[in-house]
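The structure appears below as structure tokens.
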Amino acid sequence: MKKIFSTSNVECFPVYNEDDVLIGAINWDHARSIVFEEGLEDLVIAQDLMAPPQTVTPEDNFYDAFMKFMETNVEELLVVSSEDSSRVLGVLRHDDLIAAYHAELKRRKSE
161 MKKIFSTSNV
171 ECFPVYNEDD
181 VLIGAINWDH
191 ARSIVFEEGL
201 EDLVIAQDLM
211 APPQTVTPED
221 NFYDAFMKFM
231 ETNVEELLVV
241 SSEDSSRVLG
251 VLRHDDLIAA
261 YHAELKRRKS
271 E
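161 is the number of the first residue of the sequence shown in this note's numbering; add one for each residue after it.
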């Protein structure tokens with residue numbers, strides 16, 4: 161896990177069971193202190209670090225995504241398929257959502 165966390169620029173890692181069903185997510189902010197604690201690398205498994213996955217779908221609007229960020233206090237949400245909530249399509253970052261919001265405000269102001 162150390163290698164994955166230290167080489168990735170993603171904050172949220174999906175966790176799947178043996179049937180490829182999304183069962184949780186590991187949030188880097190919450191796992192950081194445990195993953196790099198000396199002596200725990202052989203004791204800690206994904207199940208110890210994961211929480212229920214925080215997700216949005218491509219059909220969710222800005223307000224829905226923004227409220228999910230506010231409710232969960234995470235920096236990234238998993239974007240899952242509307243037809244199959246175990247199929248992760250990507251990650252939505254809080255910063256990207258806010259940047260898109262500001263870009264839309266700027267665009268509307270210039271009209």
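Note that the Cβ used here is the ideal one computed from N, Cα and C, for glycine as well.
Query	Result
Paired residues, beta bridge with threonine 215 - DSSP	Leu238
Isoleucine 258, DSSP secondary structure in three states	helix
Stretch-stretch touch, CB-based, cutoff 8 Å, three pairs: the stretch 202-213 with the stretch 172-188	yes
Rounded Cβ spacing between proline 218 and serine 242 (contact assumed at less than 8 Å)	7 Å
Reference tryptophan 186; option with closest CA among Glu236, Leu252, Leu257 and Leu249	Looking at the sequence provided, one finds isoleucine at residue 186 rather than tryptophan. Minimum Cα distance to isoleucine 186 is reached at Glu236.
Contact under 9 Å by Cβ, glutamate 171 with valine 251	yes
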